[in-house]
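According to mature numbering (1 follows the signal peptide of the UniProt record, and there is no 0), the stretch in the sequence shown is residues -21 to -1, 1 to 505, in order. Reading through the structure tokens given below for one structure.
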Amino acid sequence: MHLGILTIGLNLIFLVQCAVSSPCFFWTSALYSNGYCYKFESTQLNWTDAKAYCSGSISQAKLADGDNADWDYVIRTINQTNQEWWIDGELSLLQCAKLMYTSSRSVVPSFEKCETKREFICQLYVGDPCETALSRGEYFNDGNCYALYHSTKVFFDAANETCAVKESRLAEFFSMEAYYYFRNRMNYLIGSLSDPSIFLGGSDLLHEGVFTWFSTDTNISINDWIPNEPNNGNTGEHHLSWRVVTGEEFHLNDVNGTDKKGFAICQKDVLNITYLIVLPDSDVSVVKSSVIQVTSGDLEVTYLHFTQRLNDMQVNTTYDWVTSYHDVIYTVDSTIEMSGTGIYRGVVQLRANHHVTVVLHQTSGSEVGTTLVFPVDLVTTGYFVLTNASQESGSQITITALNSDTDVTVKLPRKQLQPFTISVGGFTIQHADKATIHLDQLDTAHLQSSEDFSGSFVYATKPVVVYSGSKNVQTAENTWDHTLDMSVPVDSLSTEYVTFPSSSSASDTFRLLALYDDTEIAVRFK
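Structural data, given as structure tokens:
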């Protein structure tokens, strides 16, 4: 049996709901420095009330410590006109700590009567998402870390190599927000750099006169060029850079990277842990909602990026964050749910900078089906399928490709009382022994049958994600039964397992699938 695929070329429309301009994106107007978010509050309170205000503003926030931040940088960046703020610390019951910004533009700690009303600074620990990504991760934006290496000027190829050895690339900017955020950050360094020029990840080597980003070969649409640039002056100016010509601001310039030296600014994606979630057919007439719950046991913030592809014309993206004290509930659009055997494009992709616990909840009538989702770094190319399908419910499996040009073979169960059947578009194909499928990146093959897929072997030419389970069936009035599990790769299976009872009053049912003949099983109770 071969599932044919009709491929139609379409342009994607990206609907970006929000973007991350700093690790503090979720705390309005907060500024990041050295693992902390800092919020300058203009309300004037006494020291005790200021401390209580910070604690109540966002979970785990507190009045700022005086020794955590580079206060000179923080205060100049926030562009504060006020000169004094409460911070955490008491000299006595009457004298409390404050920061003073002096006329010489330096910050010094001091003490004052605690009853005095003045502005204050709150802080929240979030950790450094760039700490292990680059040897000097300085900036964070849209899930990427950026670092400027300005100790030595080098030619363009050497700058490119500087980033490559750190498993990163020369910086590229695909939004005006990200571009100006970083350009303004770089402007702070102009005074400390001699004849500053910073190489970026673009050129017109492939398309003379048309500058494109290296990673995507898409046109650079940011219009921030030095006047009369790019001009290919003296010929051979094919490399993209930031350069200061007049004033104190960087602008785009074309340079000859083989005879002009500059500094390297590297970019690395730190949201490198991926989870894929699909919605097999569960009968939309009874499924009320599908949500993804993300939790973490870490006090440090984990940054999340959800991409929900509804179809080939629409992609929704949003950013979020999770810690041990803040979980995330993400609602899945019902239109990505599959219906019947076929090839589908709907999928939710979650990217994170740390491992998290991801659970899919599907509500049907009065029942909630729960699925634990594994990260894709645990997936591989081979799976044995085990479902809990009954004769009433039938079963289904989904196979999602992580890469383009993935060929998949599903070898169907070999021991059946009747010929195995697969339903395709209302038709039933009997005597099927295998299905062969070709998938492009993030395509999902959905197979349904009135029989049990348990014992099927899925093997692919490239890594795939496999879900299996039963279809939705009504078991009583307003009660529906529906299961979905993420299949465990063959090379992750073992010979010993530990289980725990679901409750003290109910019995548990186990299904065991032997991969080999003559397998002996022993069950011990404690």
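All C-beta atoms in this analysis are idealised placements derived from N, C-alpha and C, irrespective of residue type, glycine included. Remember, predicted model here, so these are calculated numbers, not experimental data.
Of the choices the options, whose alpha-carbon is the least far from that of residue i?
{"i": "S89", "options": "I100, A76, C101 and R97", "result": "A76"}
{"i": "R162", "options": "I256, F229, P354 and L365", "result": "F229"}
{"i": "Q427", "options": "D419, Y476 and I376", "result": "I376"}
{"i": "F119", "options": "E187, G215 and C3", "result": "C3"}
{"i": "L1", "options": "S429, D299, E140 and V358", "result": "In the sequence as displayed, the identity of residue 1 is Ser instead of Leu. With distances taken between Cα atoms, S1 lies closest to D299."}
{"i": "E430", "options": "K132, K96, L391 and D277", "result": "L391"}
{"i": "T7", "options": "I37, N25, L491 and S154", "result": "I37"}
{"i": "G325", "options": "L258, G373 and G276", "result": "L258"}
{"i": "W26", "options": "K96, Y309 and A9", "result": "K96"}
{"i": "I308", "options": "Q341, S147, D277 and E316", "result": "Q341"}
{"i": "K239", "options": "S12, V270 and P175", "result": "P175"}
{"i": "V270", "options": "L231, S303 and V327", "result": "V327"}
{"i": "G276", "options": "V347, K450, V223 and V335", "result": "V335"}
{"i": "L149", "options": "N139, M155 and I205", "result": "N139"}
{"i": "P206", "options": "L231, E151 and A9", "result": "L231"}
{"i": "E94", "options": "D49, T111 and D28", "result": "D28"}
{"i": "R164", "options": "V144, L10 and Q39", "result": "L10"}
Since residue i contacts residue j with CB under 8 Å, what's their CB separation in whole angstroms?
{"i": "V249", "j": "C124", "result": "5 Å"}
{"i": "L289", "j": "W221", "result": "L289 to W221, Cβ: 37 Å. No contact."}
{"i": "T297", "j": "F285", "result": "5 Å"}
{"i": "L219", "j": "D233", "result": "7 Å"}
{"i": "T415", "j": "T388", "result": "5 Å"}
{"i": "T498", "j": "N367", "result": "T498 to N367, Cβ: 20 Å. No contact."}
{"i": "S442", "j": "T359", "result": "Per the sequence presented here, residue 442 reads as Pro, with Ser not at that position. Confirmed, Cβ separation roughly 6 Å."}
{"i": "E208", "j": "N235", "result": "Actually they are not in contact, since the Cβ atoms of E208 and N235 sit about 13 Å apart, beyond 8 Å."}
Verify whether the separation of the beta carbon atoms of residue i and residue j is less than 8 Å.
{"i": "S318", "j": "D260", "result": "yes"}
{"i": "V444", "j": "L255", "result": "yes"}
{"i": "K247", "j": "L113", "result": "yes"}
{"i": "L73", "j": "W64", "result": "no"}
{"i": "H186", "j": "G321", "result": "no"}
{"i": "F135", "j": "T214", "result": "no"}
{"i": "C245", "j": "Y104", "result": "no"}
{"i": "I177", "j": "G241", "result": "yes"}
{"i": "T385", "j": "Y323", "result": "no"}
{"i": "Q272", "j": "V311", "result": "no"}
{"i": "L351", "j": "V338", "result": "yes"}
{"i": "L381", "j": "Q420", "result": "yes"}
{"i": "F193", "j": "D183", "result": "no"}
{"i": "H305", "j": "I252", "result": "no"}
{"i": "Y32", "j": "I54", "result": "no"}
{"i": "S85", "j": "D121", "result": "no"}
{"i": "S449", "j": "S374", "result": "yes"}
{"i": "E151", "j": "G181", "result": "yes"}
Among residues of its own chain, excluding the 5 on either side of residue i, which ones have a beta-carbon nearer than 7 Å to its beta-carbon?
{"i": "A43", "result": "Y17, I66, D67, I100, C101 and Q102"}
{"i": "G106", "result": "G14, E279 and V280"}
{"i": "L(-19)", "result": "Summary for L(-19): the model assigns pLDDT 41, below 50, so the residue's position carries little reliability; its value from the coordinates is reported in the next sentence. If we look at L(-19) and ignore the five residues flanking it on each side, its Cβ neighbours are I322, A414, I416 and A424."}
{"i": "D487", "result": "P480 and S481"}
{"i": "F353", "result": "M465"}
Excluding the 5 residues flanking residue i on each side, which residues of the same chain have their C-beta closer than 6 Å to its C-beta?
{"i": "I201", "result": "Y158"}
{"i": "G361", "result": "Y438 and V469"}
{"i": "A501", "result": "none"}
{"i": "K30", "result": "L42"}
{"i": "T314", "result": "L289"}
{"i": "K267", "result": "T342"}
{"i": "V347", "result": "H340"}
{"i": "I(-14)", "result": "Only weak support exists for where I(-14) lies, its pLDDT of 23 falling under 50; the coordinates are left without a value."}
{"i": "F5", "result": "W300"}
Between which residues of its own chain and residue i is the CB-CB distance below 8 Å, once the five residues before and five after are set aside?
{"i": "V364", "result": "I376, F432, S433, G434, S435, F436, V437, V445, S447 and S466"}
{"i": "G45", "result": "I66, D67, G68, A76, L78 and P88"}
{"i": "E98", "result": "F19, E20, S21, T22, Q23, N61, E63, W64 and W65"}
{"i": "K92", "result": "L73, Q74 and C75"}
{"i": "L492", "result": "F363, L365, S433 and G434"}
{"i": "T478", "result": "D487 and F489"}
{"i": "V133", "result": "T141, K240, G241, F242 and A243"}
{"i": "L357", "result": "P468 and S471"}
{"i": "D196", "result": "L185"}
Does at least one heavy atom of the ligand ZN sit under 7 Å from the Cβ of residue i?
{"i": "Y52", "result": "Ligands in the displayed structure: none, and consequently the ligand ZN is not present."}
*3-residue-minimum beta strand (DSSP E) runs that sit fully inside the segment 212 to 292, ordered along the chain*: Here the runs fully enclosed are 218 to 222, 230 to 234, 241 to 248, 252 to 256, 266 to 274 and 281 to 290.
_At 3 residues or longer, what runs of the beta strand (DSSP E) sit wholly inside the segment 312 to 378?_
Here the runs fully enclosed are 321 to 323, 326 to 331, 336 to 343, 346 to 352 and 359 to 363.
_Whole beta strand (DSSP E) elements within the segment 39 to 107, 3-residue minimum_ = The segment 39 to 107 contains these whole beta strand (DSSP E) runs: 63 to 69, 74 to 80, 86 to 92 and 97 to 104.
*Mind pulling the beta strand (DSSP E) runs of 3 or more residues that sit fully within the segment 106 to 150?*
Fully enclosed beta strand (DSSP E) runs of 3 or longer: 118 to 120 and 123 to 133.
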